[in-house]
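Protein chains in written order, with the working numbering: chain A, 20 to 398; chain B, 6 to 409.
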């Protein structure tokens with residue numbers, strides 16, 4: 020998969036140039052005017068610190084430059100179901116929607132998302148590289164314009180692990196060395212892979228093994244060893260809360276949430292980057308918009324995914340920009356003034372051992388394993 | 006009720022063991038968290054007995070005894086748990102001191118007949134203070150606990166060390182500032198105060214009219230019509246919400262695309278109409294209940310005097326059924342103000358109400374801003390209810406009635 024090599028090269032570039040302060044130079048003068056465009060739009064995202072970073076990096080500059088009124092919805096968690104319902108009812112109220120790559124695959128396959136032409140409808144890199152080449156393999160299909168690379172990884176309470184902090188993801192499964200509760204996401208994805216990996220399955224064989232009934236049983240058997248110590252979460256905000264309360268010693272969540280708990284909230288928490296699971300997040304435009312609204316949505320997506328804007332977002336949250344050309348522009352945190360590079364999931368120090376979540380494989384096996392996982396949980 | 010003023014219970018045989026028991030129970034829990042339950046129990050019993058004995062024999066003036074116990078307990082609490090211990094133990098000390106006087110002066114028998122047995126007196130006081138106290142605690146504690154948490158200086162639902170030590174650094178008004186300045190919250194407040202009052206007005210008008218109509222004996226199919234009007238209250242909300250979603254999608258599209266009304270206006274209209282439909286049954290029920298006691302001959306008398314039906318309604322019927330209308334309107338308002346399912350289905354983000362914002366806020370970001378919002382809403386409700394009660398008493402005074 021060239022996904023990984025791409026992520027690595029992105030990271031390398033970001034480190035080489037480090038916190039170069041080319042940031043915040045190119046302004047909105049390059050933006051083409053939008054003819055016959057709607058003057059109001061609804062942007063759907065995930066809420067919390069993530070939405071705040073998008074508002075600061077994309078929405079505010081866009082609204083200032085165009086005078087468009089932007090309404091923010093925080094319904095990305097149920098994006099697929101809602102877009103289906105809106106499409107059925109013929110009443111699409113969303114203009115631009117932030118979704119994970121797996122959701123984008125489903126929406127595009129079902130014909131619920133507009134195709135966006137990388138050559139004409141997205142901005143080229145400053146050096147003239149086309150948008151499609153700049154995004155590379157991260158642009159998983161024609162509907163999806165990637166924005167960030169994030170990871171699901173572990174954080175642990177520094178004051179509850181003694182003198183030997185955990186160093187590998189398998190420490191999560193070691194309840195004698197690290198007694199206490201752990202927070203895991205209430206879904207099979209990542210948990211099954213981590214279980215197999217810690218049960219001795221080679222990293223490149225994980226999906227092969229998970230494809231068999233014995234492999235699934237093996238993963239559940241490994242998860243059984245910690246089942247009594249697991250707090251299952253479903254919203255990204257839960258693990259930071261549980262860690263801050265001291266209810267769990269370690270827990271998985273999105274790396275940006277941990278960054279905010281550690282660096283902004285100064286909680287006694289540290290990151291465990293080993294076997295972090297990479298994923299992508301980006302924009303889609305739902306089908307069924309009026310021509311004026313569609314034109315406005317495309318105009319916004321072109322603006323919000325250019326090289327400078329993607330780099331700007333990393334000033335507010337520790338997610339890596341999806342464009343290769345944005346990496347050298349990653350700078351310091353807007354208010355704290357710390358270098359964001361070392362907090363990115365793609366930083367070489369953090370990504371020496373990563374887990375590449377295979378969304379293609381999961382798209383085929385998700386329903387089956389979801390059912391098995393729920394049955395296992397209820398046992 | 007007989008007031009026992011001369012009765013003085015024996016100090017050693019009654020007051021000392023009772024106070025010892027009270028402090029022993031609390032001592033048990035303090036002991037559990039610090040060292041050992043049984044040791045805490047024994048120490049508590051000893052302290053309680055000693056306090057009762059000393060006060061009973063040497064400190065006849067109440068305020069001096071209460072103050073002395075509070076100070077003594079406060080110092081003990083401070084040594085055990087710092088500032089927070091000083092306050093809680095001090096309060097508990099004052100309570101213990103008060104209890105000693107309450108018991109030794111015989112006041113605990115004040116509200117029971119003189120012939121009651123000890124068992125009856127014990128039950129009377131256990132029920133009044135113990136059972137009722139626990140019920141109140143059970144109802145109020147979950148609401149009270151959010152108030153200090155909303156002043157948390159951190160972004161978590163956690164009592165931090167600084168907060169427990171009552172360190173000013175642990176407290177902050179930043180979540181209130183966020184609530185009052187963050188556009189997500191201010192927009193949500195604005196939307197709630199647009200949608201709920203209009204929905205209430207519609208629900209109250211239609212509900213009152215329907216109740217009056219259905220109370221006329223000549224209306225055919227009264228029961229079936231009533232059942233139909235009440236149904237939004239009975240059908241599970243998620244079912245009505247799904248139905249309304251598809252119904253209002255088509256209606257909304259007609260009004261935006263064909264008639265040419267603006268998207269925002271139609272969006273609000275959809276949510277308001279849906280909320281009005283949900284609130285109407287409450288108004289129908291409360292108004293129907295007050296109409297039962299309404300004397301029909303009054304309307305006939307009014308008609309006899311030459312008043313037309315509209316005048317009769319506003320001058321005669323309305324003033325008499327107004328309590329039912331007002332309580333129905335309150336229910337309708339609360340239904341709309343608290344409602345989250347229908348608005349999630351029908352509304353677009355432009356109609357985001359306060360419960361919607363709280364719901365997404367809890368799911369996506371467990372932020373104490375929700376607690377700040379909740380605290381403000383609790384405060385507003387208390388003020389609102391107090392004002393209503395004062396107005397009610399005032400109007401009763403004006404009408405020459407003594408407040409009930």
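For glycine and all other residues, C-beta sits at the position ideal for the given N, C-alpha and C.
7 Å Cβ cutoff, residue i in contact with chain A
i: residue 274 (chain B); result: no
i: residue 343 (chain B); result: no
i: residue 354 (chain B); result: yes
i: residue 177 (chain B); result: no
i: residue 131 (chain B); result: no
i: residue 203 (chain B); result: no
i: residue 260 (chain B); result: no
i: residue 369 (chain B); result: yes
i: residue 100 (chain B); result: no
i: residue 163 (chain B); result: yes
i: residue 183 (chain B); result: no
Beta-carbon proximity list for residue i, same chain, < 8 Å, skipping 5 on both sides
i: residue 106 (chain A); result: 131, 305, 306 and 307
i: residue 88 (chain A); result: 58, 59, 60 and 82
i: residue 237 (chain B); result: 245, 282, 283, 285 and 286
i: residue 48 (chain A); result: Since pLDDT at residue 48 (chain A) reaches only 47, below the 50 mark, its modelled position is unreliable, and no value is offered.
is_contact[residue i, chain B] using C-beta, thresh 7 Å
i: residue 112 (chain A); result: yes
i: residue 90 (chain A); result: yes
i: residue 204 (chain A); result: no
i: residue 42 (chain A); result: Only weak support is given to the placement of residue 42 (chain A): the predicted model assigns it a pLDDT of 40, under 50, and the question is left unresolved by the model.
i: residue 61 (chain A); result: yes
i: residue 93 (chain A); result: yes
i: residue 73 (chain A); result: no
Terminal residues of the beta strand (DSSP E) in which residue i lies
i: residue 300 (chain A); result: 288-303
i: residue 167 (chain A); result: 164-176
i: residue 220 (chain B); result: Element bounds for residue 220 (chain B): not the beta strand (DSSP E) but the alpha helix (DSSP H), 188-220.
i: residue 218 (chain A); result: Note, residue 218 (chain A): premise wrong, no beta strand (DSSP E); not H, not E.
i: residue 271 (chain A); result: 269-273
i: residue 60 (chain A); result: 59-63
i: residue 343 (chain A); result: Neither: residue 343 (chain A) is in no beta strand (DSSP E) and is coded neither H nor E.
i: residue 374 (chain A); result: 373-375
Beta-carbon contacts of residue i that lie in its chain and below 6 Å, excluding the five residues immediately before and after
i: residue 278 (chain A); result: 337 and 362
i: residue 242 (chain A); result: 214
i: residue 178 (chain A); result: 287
i: residue 52 (chain B); result: 28
i: residue 315 (chain A); result: 56, 57 and 60
Start-to-end residues for the alpha helix (DSSP H) that takes in residue i
i: residue 141 (chain B); result: 137-154
i: residue 67 (chain B); result: 67-109
i: residue 309 (chain B); result: 302-309
i: residue 320 (chain B); result: No alpha helix (DSSP H) holds residue 320 (chain B); DSSP gives it neither H nor E.
i: residue 62 (chain B); result: 42-63
i: residue 255 (chain B); result: 242-258
i: residue 201 (chain A); result: Counting along the chain, residue 201 (chain A) falls outside any alpha helix (DSSP H), though it belongs to the beta strand (DSSP E) covering 201-204.
Closest Cα partner of residue i within the set the options
i: residue 192 (chain B); options: A:315, A:52 and A:91; result: A:91
i: residue 71 (chain B); options: B:90, B:84, B:94 and B:85; result: B:94
i: residue 189 (chain B); options: B:359, B:371, B:174 and B:389; result: B:359
i: residue 262 (chain B); options: A:53, A:84, A:97 and A:109; result: A:109
i: residue 203 (chain A); options: A:256, A:163 and A:154; result: A:256
i: residue 368 (chain B); options: A:111, A:260 and A:118; result: A:260
i: residue 415 (chain B); options: B:12, B:21 and B:373; result: There is simply no residue 415 (chain B) to check, as chain B begins at 6 and stops at 409 in what is shown.
i: residue 148 (chain A); options: A:326, A:54, A:268 and A:355; result: A:326
Beta-carbon proximity list for residue i, same chain, < 7 Å, skipping 5 on both sides
i: residue 151 (chain B); result: 376, 379 and 380
i: residue 208 (chain A); result: 376 and 381
i: residue 176 (chain B); result: 156, 158 and 168
i: residue 289 (chain B); result: 212, 215, 216, 234 and 235
i: residue 196 (chain B); result: 356, 357 and 358
i: residue 23 (chain B); result: 108
CA-to-CA distance, residue j to residue i, given in whole angstroms
i: residue 148 (chain B); j: residue 383 (chain B); result: 8 Å
i: residue 75 (chain B); j: residue 157 (chain B); result: 28 Å
i: residue 122 (chain B); j: residue 69 (chain B); result: 32 Å
i: residue 341 (chain A); j: residue 220 (chain A); result: 30 Å
i: residue 77 (chain B); j: residue 56 (chain B); result: 10 Å
i: residue 196 (chain A); j: residue 190 (chain A); result: 8 Å
i: residue 334 (chain A); j: residue 345 (chain A); result: 12 Å
i: residue 282 (chain A); j: residue 201 (chain A); result: 21 Å
Short CB-CB distance (under 7 Å) between residue i and chain E
i: residue 174 (chain B); result: Although the question refers to chain E, the structure presented lacks it and instead comprises the protein chains A and B.
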